[in-house]
Amino acid sequence: MSTSSNGRIATNPSTSIDWEKLGFKERDVNGLVRVTYKNGQWGALEVSKDSHLNVHAAAPCLNYGQQAFEGIKAFRTASGSVRVFRPQENWARMNLSARMASMPELPEELFLQAIKVAVALNLEYVPPYKKNASGGALYIRPLLLATGPMLMLGSPDEFTFLVWVTPVGSLYGSGADIPAVDGFVLDTFDRTAPMGTGHTKLGGNYAPVFAPTAAAKKQGYPITLHLDSASHTYVDEFSTSNALAVQKDGEQVTLVVPDSTSILRSVTKISVVDIADKLCGWKVDLRQVAFDELKQNKFVEFMAAGTAAGITPVRSMSYNSHKPQLVHDKLSRDGPKYTFPSDNEVKRIDFGDGQTAGECARRLFDELTSYQCGDQPDKFGWLWPEEGIVAEDANLSA
25 MSTSSNGRIA TNPSTSIDWE KLGFKERDVN GLVRVTYKNG QWGALEVSKD SHLNVHAAAP
85 CLNYGQQAFE GIKAFRTASG SVRVFRPQEN WARMNLSARM ASMPELPEEL FLQAIKVAVA
145 LNLEYVPPYK KNASGGALYI RPLLLATGPM LMLGSPDEFT FLVWVTPVGS LYGSGADIPA
205 VDGFVLDTFD RTAPMGTGHT KLGGNYAPVF APTAAAKKQG YPITLHLDSA SHTYVDEFST
265 SNALAVQKDG EQVTLVVPDS TSILRSVTKI SVVDIADKLC GWKVDLRQVA FDELKQNKFV
325 EFMAAGTAAG ITPVRSMSYN SHKPQLVHDK LSRDGPKYTF PSDNEVKRID FGDGQTAGEC
385 ARRLFDELTS YQCGDQPDKF GWLWPEEGIV AEDANLSA
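Be aware that the sequence shown starts at 25, since it is given in the working numbering, and climbs by one per residue.
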């Protein structure tokens, strides 16, 4: 056990895990937390040691994709306490998704209590403290599911909210080197419709991206970028995270934040915007960003920002120099598909030296992670709860 600065006892990290080789994957932990919505109201929290769910085959979450999820992280801080990064923002975003998918909203107190209990139940899986959160975090996955049976297109009477957790490293790498990655523009697949669900975190926004991102990864591109679905001329976001760009005019730095109704409101992004504005003294420009600006080398840095990705510098973006051609054999069982001309050529846009993380990405990474793991006073009030989470918080009868 270790004692935090306020005297509350925090459970030490498990000795059965190689914390230096965490990766980004699911692991067996002590259990999860769930609560059921019936008869127009939410019930009481329950703890389950079984990670499997017993769901009716006619549940809309299985048949129609009526579900939403979130991604949050808890960190072991420099003081020895375990705290969660800005969960109130995820609560607001989950309710936005719930409204979009005709599901009941969650009271803030219930949402936060479920997170606290889930973390308290699994404190030994919160990675050891390391400067700049380089040791990893406890990834927290809230899930809202339509679990009651419903054959018709509509909402059932029963829903399940649950929170499961797993220890993770960074999605693309972590540590002092902040590895920069190569990206590719997905020009044969639109993530969301212009007036659709892109601003929410619904499962249906993500599953269709698996195939094109896997294909890009095989070609050496671990991260993929989507342009706007209406014109394919403006930057929307990466498949895993939001996009950010940096412009410089002499000593003046401007953080350019792509704006669109199809972009998810990333908690990491809004935090970085505050850091850039209030700590770094940079300008922040929230606007539409034409992809041509990348081609014309208007930006000295480009990066991804998200809970899983953290701050990930993108050293290059590659794209097809010819537009794909739609092949549509009407009524064909194969469906429409895209092909490229035989003389198609992939072109590459480099940022900075095209190899390493830029100084602005490093600054944002250092500032953000120093707040997440308590390396400096929490002047923004981002870490919750202030007193930290301890094993006793998992006691539902208290």
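For each residue, glycine too, the CB sits at the ideal point set by N, CA and C.
Next item on the list: Indicate whether Thr-224 and Met-124 have their beta-carbon atoms separated by less than 8 Å.
Entry: Position 200 of the sequence shown holds residue 224. Position 100 of the sequence shown holds residue 124. Their beta carbons are under 8 Å apart, which means Thr-224 touches Met-124 by this criterion.
Check: Beta-carbon separation of Ser-284 and Asp-260 under 8 Å?
Finding: In the sequence shown, residue 284 corresponds to position 260, counting from 1. In the sequence shown, residue 260 corresponds to position 236, counting from 1. Contact flag set, yes.
Item checked: Span separating the alpha-carbon of Ala-138 from that of Lys-354 -> Locating residue 138 in the sequence shown gives position 114, counting from the first residue. Locating residue 354 in the sequence shown gives position 330, counting from the first residue. C-alpha of Ala-138 to C-alpha of Lys-354: approximately 49 Å in a straight line.
Checklist line | Three-way DSSP call (helix, strand, coil) for Glu-261 in this model | finding: Within the sequence shown, the letter at position 237 stands for residue 261. Residue state for Glu-261 is assigned as strand, using DSSP reduced to three classes.
Check: With respect to the alpha helix (DSSP H) encompassing Val-371, which residues constitute its N-terminal and C-terminal limits?
Finding: Position 347 of the sequence shown, counted from the start, is the residue given in the question as residue 371. Correcting the residue identity first, residue 371 is Lys in this sequence and not Val. The continuous stretches of alpha helix (DSSP H) do not include Lys-371, which lies in the beta strand (DSSP E) extending over residues 370-374.
Item checked: Supposed contact pair Leu-388 and Ala-300 - C-beta distance, whole angstroms, cut 8 Å -> Translated into the one-based positions of the sequence shown, residue 300 becomes position 276. Translated into the one-based positions of the sequence shown, residue 388 becomes position 364. Their Cβ separation, rounded to whole angstroms, is 7 Å, which keeps Ala-300 and Leu-388 in contact under 8 Å.
Check: What alpha helix (DSSP H) runs, 4 residues minimum, are completely inside the stretch 33-105?
Finding: The qualifying runs are 84-87.
Next item on the list: Just tell me which of Asn-266, Gly-274, Glu-275, Ala-161 has its CA closest to the CA of Pro-282.
Entry: Position 258 of the sequence shown, counted from the first residue, corresponds to residue 282. It is Asn-266 whose Cα lies nearest to the Cα of Pro-282.
Note to self: So if DSSP puts Asp-21 in a beta bridge, which residue, or which two residues, is it bridged to?
What the structure shows: As displayed, the chain neither begins before 25 nor continues past 422, which places residue 21 out of reach and without an answer.
Next item on the list: Decide yes or no for the touch test of the stretch 182-192 against the stretch 47-59: beta carbon pairs closer than 8 Å, at least 3 of them.
Entry: Enough Cβ pairs lie closer than 8 Å, so yes.
Notebook entry, point to check: Since Met-327 sits in a beta bridge, which residues does DSSP pair it with?
Noted result: Here residue 327 refers to the residue found at position 303 of the sequence shown. According to DSSP, Met-327 shares a beta bridge with Leu-268, Pro-337.
Checklist line | Asn-368 burial status per 10 Å Cβ neighbour count (16 or more: buried) | finding: For this step, residue 368 is matched to residue 344 along the sequence shown. Taking a 10 Å sphere around the C-beta of Asn-368, we find fewer than 16 other C-beta atoms and assign the residue as exposed.
Next item on the list: In the DSSP assignment, find the unbroken alpha helix (DSSP H) run with Tyr-395 in it and report its ends.
Entry: Taking the first residue of the sequence shown as position 1, residue 395 is located at position 371. First-last of the alpha helix (DSSP H) with Tyr-395: 383-396.
Notebook entry, point to check: Using the C-alpha atoms, what's the distance from Ile-164 back to Asp-52?
Noted result: The residue given as residue 52 occupies position 28 in the sequence shown. The residue given as residue 164 occupies position 140 in the sequence shown. Take the alpha-carbon of Asp-52 and the one of Ile-164: they are about 13 Å apart.
Check: Where DSSP assigns a beta bridge to Thr-224, which residues make up the other side?
Finding: Numbered from its first residue, the sequence shown carries residue 224 at position 200. Paired residue(s): none; Thr-224 is not in a bridge.
Check: Taking Phe-99 as the reference, which of Ala-161, Ser-72, Asn-114 has the closest Cα?
Finding: For the purposes of this step, residue 99 is taken as the residue at position 75 of the sequence shown. The shortest Cα separation from Phe-99 among Ala-161, Ser-72, Asn-114 belongs to Ala-161.
Check: When you compare only the Cα positions, how much space is there between Leu-134 and Ala-142?
Finding: Your numbering for residue 134 matches position 110 in the sequence shown. Your numbering for residue 142 matches position 118 in the sequence shown. Looking at the two C-alpha atoms, the distance is approximately 12 Å.
Next item on the list: Could you tell me whether the stretch 411-419 touches the stretch 144-156, where touching means 3 or more Cβ pairs closer than 8 Å?
Entry: Because the criterion of three Cβ pairs below 8 Å is met, the stretch 411-419 and the stretch 144-156 touch.
Next item on the list: Tell me whether the beta-carbon of Pro-232 lies closer than 8 Å to the beta-carbon of Thr-248.
Entry: By one-based count along the sequence shown, residue 232 stands at place 208. By one-based count along the sequence shown, residue 248 stands at place 224. No; because the gap between Cβ atoms is not below 8 Å, this pair is not in contact.
Note to self: Below 8 Å on the Cβ atoms is my contact criterion, and I expect Pro-173 with His-80 to pass it. Report the Cβ-Cβ distance as a whole number of Å.
What the structure shows: As a working mapping, residue 173 is identified with position 149 in the sequence shown. As a working mapping, residue 80 is identified with position 56 in the sequence shown. Rounded, the Cβ-Cβ distance is 4 Å, consistent with contact.
Next item on the list: May I ask you to report which of helix, strand or coil DSSP gives Ser-126?
Entry: Walking along the sequence shown from the start, residue 126 turns up at place 102. Judged by DSSP in its simplified three-state form, Ser-126 adopts coil rather than helix or strand.
Note to self: By DSSP's criteria, Gln-349 is part of a beta bridge. Which residues make up the other side?
What the structure shows: Sequence index remark: in the sequence shown, residue 349 carries index 325 (1-based). Checking the DSSP bridge columns, you'll see Gln-349 partnered with Thr-363.
Next item on the list: Look at the alpha carbon of Tyr-61 and the alpha carbon of Asp-74, and state the distance between them as a whole number of angstroms.
Entry: Locating residue 61 in the sequence shown gives position 37, counting from the first residue. Locating residue 74 in the sequence shown gives position 50, counting from the first residue. Rounded to whole angstroms, Tyr-61 to Asp-74 spans 20 Å at the Cα level.
Notebook entry, point to check: Hey, quick one: how far does the beta strand (DSSP E) through Pro-282 stretch, first residue to last?
Noted result: In the sequence shown, residue 282 corresponds to position 258, counting from 1. Run containing Pro-282: 276-282, per the beta strand (DSSP E) assignment.
Check: Asp-358: buried (16+ other C-beta within 10 angstroms of its C-beta) or exposed?
Finding: By 1-based counting over the sequence shown, the position of residue 358 is 334. The residue in question, Asp-358, is exposed, as its Cβ has fewer than 16 Cβ neighbours within 10 Å.
Item checked: Three-state secondary structure (DSSP) of Asn-146 -> Locating residue 146 in the sequence shown gives position 122, where the first residue counts as 1. Collapsing the DSSP output to three states places Asn-146 in coil.
Next item on the list: Taking 8 Å as the cut-off, decide whether the C-beta atoms of Ala-427 and Leu-195 are in contact.
Entry: With the chain represented from 25 up to 422, any question about residue 427 goes unanswered, as that position is not in the structure.
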